[in-house]
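**Student:** My questions will all concern the structure given below.
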Amino acid sequence: MQNLLLAAGLGLRSEGKKLLLPYRGAPLVHHAVQQSLLADLFTVVVTGYRADEVRAAIEDLACDTLLIVHNPDYEQGQGTSTRVGACHLREAESFFISLSDMPLIEARHYRHLARYATHTAVRPRYKGRLGHPVLLPPSFLSIIKNQDGPFAMRSLLSSYEVQAIDVEDEAYILDIDTLDEYRALVASGRPPQSPPS
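So for the sequence shown, this note's numbering puts the first residue at 945; every next one is plus one.
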């Protein structure tokens, strides 16, 4: 299985800093990539804004199952980065789409969702709110690659059947968009939660 990990956004609400902020002794983006690799996922990281710094932050994780690609059109939105990443995924495998600003996502969260892989899209749902990572069948690769211009995955997925998996772990919806959210996370000293059931 594989993972398209988005790390290209401007992060305007965090002054462009969020992916490089320290978390558990390393930048947020490092944590995201490391957990993907620990889940035994072929991982494609899509960079954009501050690409050189993001690449440097994860260079120690270099391995045969990590590929870093760049989206020159990252300012046009997340859909363009998703399309760039999709072009580097393996054609016959299911794949996750995940975000680099979700610090509580760990390898076990990927493994939990992987048990529900079907021919439909799969998303975790926490207290009625859909989260990430999203798990998609191989057929979605061509759908994403054929999108013309900027697009939003949320809108694209609304046209297809999505299987919502109810979870009891906030990790699936907690992202860091602002510096205040980051400070709250650090101040909480939040320990890892119980494994998803």
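We put the CB at the ideal spot given by N, CA and C, even for glycine.
1. When the distance is taken between beta carbons, is F986 closer than 8 Å to T1009?
2. Following the continuous alpha helix (DSSP H) through A1065, name the residue where it begins and the one where it ends.
3. Cα separation between Q1137 and P1047?
4. Verify whether the separation of the beta carbon atoms of L964 and P971 is less than 8 Å.
5. Ordered along the chain, which non-local residues of its own chain (more than five positions away) have a Cβ less than 8 Å from that of E997?
6. Buried or exposed, going by whether 16 or more other CB atoms sit within 10 Å of the CB of P1094?
7. Below 8 Å, how does it come out for the segment 1063-1072 and the segment 1013-1020: are there three or more Cβ pairs, yes or no?
8. For I1120, which residues of its own chain have a beta-carbon under 8 Å away from its beta-carbon, when the five flanking residues on both sides are left out?
9. Looking only at DSSP bridge pairs, what is G992 linked to?
10. In terms of DSSP beta bridges, what is Q947 paired with?
11. Just how far apart, CA to CA, sit G1029 and L1085?
12. Compare the C-alpha of R1055 against each of V1078, L1101, R1073 and name the closest.
13. For I1012, which beta-bridge partners are listed by DSSP?
14. Leaving aside the five residues before and after A995 along the sequence, list all residues of the same chain whose C-beta is less than 6 Å from its C-beta, in chain order.
15. If I'm right that P1068 touches Y993 with Cβ under 8 Å, what's the distance once you round it to whole angstroms?
16. Between I1049, H1032, Y967, which lies nearest to V989 when the distance is taken from Cα to Cα?
17. With DSSP as the reference, label I1088 as helix, strand or coil.
**Tutor:** Result, derived from the coordinates:
1. Translated into positions along the sequence shown, residue 1009 becomes position 65. Translated into positions along the sequence shown, residue 986 becomes position 42. Yes, the Cβ-Cβ distance between T1009 and F986 is below 8 Å.
2. Within the sequence shown, residue 1065 is the residue found at index 121, counting from 1. Counting along the chain, A1065 falls outside any alpha helix (DSSP H), though it belongs to the beta strand (DSSP E) covering 1065-1070.
3. One-based indexing of the sequence shown puts residue 1137 at position 193. One-based indexing of the sequence shown puts residue 1047 at position 103. Because the pLDDT at Q1137 is just 43, under 50, the model does not fix this residue reliably, and the value given afterwards should be weighed accordingly. Looking at the two C-alpha atoms, the distance is approximately 12 Å.
4. Residue numbering aside, residue 964 sits at position 20 when the sequence shown is read from its first letter. Residue numbering aside, residue 971 sits at position 27 when the sequence shown is read from its first letter. At the C-beta level, L964 and P971 come within 8 Å of one another.
5. Here residue 997 corresponds to residue number 53 of the sequence shown, with the count starting at 1. Around E997: L964.
6. As a first step, residue 1094 is located in the sequence shown; it is residue number 150 there, counting from the start. P1094 comes out exposed.
7. no
8. On the sequence shown, position 176 is the one that residue 1120 refers to. Around I1120: S958, K962, L965, L972, D1045, M1046, P1047, Y1126, L1129.
9. Taking the sequence shown and counting its residues from 1, the one referred to as residue 992 is at position 48. Partner(s): R994.
10. Against the sequence shown, residue 947 aligns to sequence position 3. The amino acid occupying residue 947 in the given sequence is Asn; Gln does not appear at that position. Partner(s): T987, F1040.
11. Position 85 of the sequence shown, counted from the start, is the residue given in the question as residue 1029. Position 141 of the sequence shown, counted from the start, is the residue given in the question as residue 1085. If you take the alpha carbons of G1029 and L1085, they lie about 10 Å apart.
12. Locating residue 1055 in the sequence shown gives position 111, where the first residue counts as 1. That would be V1078, whose Cα lies nearest to the Cα of R1055.
13. Reading the sequence shown from its first residue, position 68 is the one you call residue 1012. Looking at the DSSP assignment, I1012 forms a beta bridge with V989.
14. The residue given as residue 995 occupies position 51 in the sequence shown. H1014, listed in sequence order.
15. Your numbering for residue 1068 matches position 124 in the sequence shown. Your numbering for residue 993 matches position 49 in the sequence shown. Actually they do not touch by this definition, with Cβ atoms about 27 Å apart.
16. Here residue 989 refers to the residue found at position 45 when the sequence shown is read from its first residue. The shortest C-alpha separation from V989 is found at H1032.
17. Locating residue 1088 in the sequence shown gives position 144, counting from the first residue. It is helical.
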